[in-house]
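The structure under discussion appears below in the form of structure tokens.
Protein chains: 2
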Amino acid sequence: MSGNHQRTDVHEVASERLNAIDQRYSPGRRRLIEVLAQATHPLVTTEISAATDDLPQSSVYRNLSILEEAGVVVKVLTTGERAAFELAEDLKGHHHHVVCIDCGRVIDVDVPEQIEKLLSDGMSTLVAKEGFTLLGHRLDLLGRCDQCSRSRRDESFSTSSVK
Amino acid sequence: MSGNHQRTDVHEVASERLNAIDQRYSPGRRRLIEVLAQATHPLVTTEISAATDDLPQSSVYRNLSILEEAGVVVKVLTTGERAAFELAEDLKGHHHHVVCIDCGRVIDVDVPEQIEKLLSDGMSTLVAKEGFTLLGHRLDLLGRCDQCSRSRRDESFSTSSVK
DNA sequence: ATGAGTGCAAAGGCTTTGCATTAGG
DNA sequence: CCTAATGCAAAGCCTTTGCACTCAT
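From first to last, the protein sequence lines stand for chains A and L. For the first sequence, the numbering used here gives the first residue as 376, with consecutive numbering after it. For the second sequence, the numbering used here gives the first residue as 376, with consecutive numbering after it.
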């Protein structure tokens with residue numbers, strides 16, 4: 376659904392970047408990349424673990440961390456519960472997220488070129504005033520997914536209490 | 376620095392919204408709001424605890440959670456380490472964050488009207504295709520703060536190992 | 001053989017919860 | 001008085017780390 380602008384092979388790039396920091400592209404790491412490459416939304420560790428033939432949590436975390444250092448994957452921040460991961464921007468293609476404020480579900484979306492351009496062009500000087508060097512941006516669209524909208528309607532007459 | 380567009384008294388609004396969910400505007404909660412109202416960046420719990428005459432962690436978390444339910448404060452996502460909090464958008468004024476990708480420091484910034492307009496207007500139909508109802512957006516500018524830029528230069532010749 | 005990678009289990013850190021006490025309506 | 005709010009301590013949960021084993025070079 377989102378832009379799969381993969382000019383070069385993901386595995387090739389992963390291997391190169393790991394080598395650059397003296398790490399191997401081991402089978403476990405390859406499995407992680409395979410799973411992330413197929414995902415249409417950022418994955419939390421349990422999803423990853425489940426999708427990778429139950430790779431142990433420790434390996435998931437450890438390798439994700441190394442892949443992150445290598446610049447192959449990035450940690451995505453959703454609703455604060457737990458960390459989610461996806462391929463780095465240059466491997467996955469620049470895109471943004473739509474986050475459900477109720478259930479935390481995240482999906483990928485592309486954003487019109489016009490807006491992207493404004494974001495990247497107009498902001499550098501703005502943040503420079505604060506002493507920051509602009510490296511990128513993260514635009515999350517916040518809303519309610521169809522499922523949560525529906526269950527909200529259902530319970531709207533019975534619920535007046537907390538949460 | 377950022378827009379303090381507080382039309383009405385923060386405490387008044389906080390009190391109302393708490394009442395709406397059958398909660399009181401207790402002194403502890405008032406202290407939290409006072410601290411958050413003065414902050415120029417989202418605060419993590421330790422900062423809050425320190426700033427509120429050492430309100431115990433459990434009270435900080437519990438009341439923050441209740442204030443969040445009441446719609447008075449929101450949880451901010453930084454670099455994943457720990458949760459930070461700030462006043463809800465309508466109390467603090469719409470703004471965005473600049474996040475340092477190295478140390479996680481967050482500061483508030485305002486964004487040109489033109490971009491804000493594009494974000495809010497142009498996106499509804501886009502996310503509607505995915506079954507989402509757009510309620511807002513979160514634009515974080517990612518970069519490196521002056522401090523981290525500096526320490527990065529300093530160690531650039533000695534460091535070739537991992538992290 | 002030697003060092004990297006793996007996996008299990010234990011430890012760690014932030015956050016949440018139970019329960020008795022205190023305060024407000 | 002009765003319920004909400006507080007504080008301390010204990011429990012939980014995600015994540016990280018230690019250590020021995022296995023695999024690749």
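Using N, Cα and C, we set each Cβ at its ideal position, and we do this for glycine too.
Where residue i meets chain L, residues with beta-carbon distance less than 9 Å
i	result
L493/A	P487, Q489, I490, L493
R399/A	Result: empty, since nearest Cβ-Cβ is about 13 Å, beyond 9 Å.
G511/A	I476, L516, L517, G518
G497/A	V486, P487, Q489, I490
E464/A	Under the 9 Å cutoff, chain L gives no residues; its nearest Cβ is about 11 Å from E464/A.
Minimum C-alpha distance to residue i - residue among the options
i	options	result
E491/L	D429/L, T427/L, D515/L	D515/L
G511/A	L510/L, G518/L, G511/L	G518/L
C478/A	E505/A, Q522/A, D496/A	Q522/A
H386/L	Q398/L, E409/L, G403/L	E409/L
H469/L	R513/L, D384/L, S524/L	R513/L
D428/L	R437/L, H416/L, P402/L	P402/L
Q413/A	T421/A, L466/A, R437/A	L466/A
E505/A	D384/L, Q398/L, H416/L	H416/L
Listed by chain order, chain L residues near residue i by CB distance under 7 Å
i	result
T508/A	G518, R519, S524
E422/A	Simply none; closest approach about 17 Å.
CB-CB length for residue i against residue j, believed under 8 Å
i	j	result
D483/A	H472/A	6 Å
A445/L	I476/L	Contact flag wrong, Cβ pair sits at about 32 Å.
L452/L	L452/A	4 Å
L442/A	R404/A	6 Å
Same chain, Cβ closer than 6 Å to residue i, five either side skipped, listed in chain order
i	result
A458/L	K450
V419/A	R457, A459
V447/L	A389, R392, A463
M498/A	L509
A426/A	V410
7 Å Cβ cut-off: residues of chain A touching residue i
i	result
L430/L	Under the 7 Å cutoff, chain A gives no residues; its nearest Cβ is about 21 Å from L430/L.
Close-in-space but distant-in-sequence residues of the same chain around residue i (CB under 7 Å, 5 per side omitted)
i	result
R480/A	C520
S424/L	L430, Q432, V435
L439/A	L407, V448, F460
L411/L	L418, V448, F460, E461, L462
Under 9 Å from the C-beta of residue i: neighbouring residues of chain A
i	result
L501/L	V473, V484, D485, V486, P487, L516
Residue i: contacting residues in chain L (beta-carbon distance under 8 Å)
i	result
R391/A	The amino acid at residue 391/A is misidentified as Arg; the sequence shows Glu. Result: empty, since nearest Cβ-Cβ is about 16 Å, beyond 8 Å.
E570/A	The structure shown has nothing for residue 570/A, since chain A only spans 376 to 538.
Same chain, Cβ closer than 8 Å to residue i, five either side skipped, listed in chain order
i	result
Y400/L	H386, A389, S390, L393, N394
Which runs of the alpha helix (DSSP H) spanning at least 4 residues fall entirely within the segment 461-502 of chain L, listed in chain order?
Fully enclosed alpha helix (DSSP H) runs of 4 or longer: 464-467, 488-497.
task = Run through the segment 380-454 of chain L for me and flag every whole alpha helix (DSSP H) of 4 or more residues, listed as ranges in chain order.
result = Runs of the alpha helix (DSSP H) inside the segment 380-454 of chain L: 385-395, 402-413, 420-426, 432-444.
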